[in-house]
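Numbering (this note's numbering), first residue to last: 63 to 253. Don't be surprised by glycine CBs; every beta carbon is placed ideally from N, CA and C.
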């Protein structure tokens, strides 16, 4: 958790710097309006580890570029996950095989802790953050500092027009048993 505190401090310094961290992002907020892709080893409650491809996006406007007809990306942060082809066999990996993905969207102003049923310790109050520019700075800075994060110049493949993927609802029972959004966020911030 010390890493997370360091990331939070770096994000605050970044947001207060005169030059800013990125001149081509929305409103001067680093990484805003750009898809970020990160590969992360996610450890489920039962101990299974799955290598996931995670796409993150945050903007004040809906994302509409090159999307499949049935997909909408509303303003606020959006997280899309797929199992990596390098993933070890696990229950979650089996559910995400054959071009399946899970997408979660957070409304701006909501708490990151939107699923109180998930039992994950929150010593540093990460999940008490409200969704907005400040929380995105923390998440983006953590992604940047931890490495293995790539800014995407085009729409992620799972939601791109012309690609054959199908969405699994994040609140579907089989996914809820194997995927904790809190654990995923912690894995993203700590990896």
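task = Express the C-alpha separation of residue 113 and residue 249 in angstroms, rounding to a whole number.
result = 11 angstroms
key: Reduced DSSP secondary structure (H/G/I, E/B, other) of residue 68   = Unreliable positioning characterises residue 68 in this predicted model, as indicated by a pLDDT of 48, which lies under 50. The coordinate reading is nonetheless provided below. Helix, per DSSP.
inquiry  = Using only the alpha-carbon positions, how far apart do residue 247 and residue 171 sit?
reply    = 18 angstroms
ask   = When the Cβ atoms of the stretch 122-133 are set against those of the stretch 210-230, are three or more pairs found closer than 8 angstroms?
value = yes
query = According to the neighbour-count rule (16 or more other Cβ atoms, all chains shown, within 10 Å of its Cβ), is residue 160 buried or exposed?
reply = exposed
key: Beta-ladder partner(s) of residue 228, from DSSP   = 162
query = For residue 116, which residues from the same chain have a beta carbon less than 6 angstroms from its beta carbon, with the 5 sequence-adjacent residues on both sides left out?
reply = 100, 102, 143
key: 9 angstroms Cβ cutoff met for residue 208 and residue 107   = no
query = Terminal residues of the continuous alpha helix (DSSP H) containing residue 244?
reply = 243-252
query = So, is residue 93 buried or exposed, given that buried needs 16 or more other C-beta atoms within 10 angstroms?
reply = buried
request  = On the DSSP bridge assignment, give the partners of residue 119 in chain order.
outcome  = 140
key: Cut-off 7 angstroms between Cβ atoms - residues of its own chain near residue 155, not counting five sequence neighbours on either side   = 112, 145, 149
ask   = Smallest Cα separation from residue 236: which of 135, 141, 153?
value = 153
Pair within 9 angstroms by beta-carbon distance, residue 98 and residue 251 = no
query = In the DSSP assignment, what residue or residues form a beta bridge with residue 129?
reply = 222
message = Between which residues of its own chain and residue 226 is the CB-CB distance below 8 angstroms, once the five residues before and five after are set aside?
response = 161
request  = Please check the pair residue 193 and residue 168, which I expect to be a contact at CB under 8 angstroms, by giving their CB distance rounded to whole angstroms.
outcome  = 5 angstroms
key: The alpha helix (DSSP H) enclosing residue 238, as first and last residue numbers   = 235-238
query = Using DSSP with H/G/I as helix, E/B as strand and the rest coil, what is residue 203?
reply = helix
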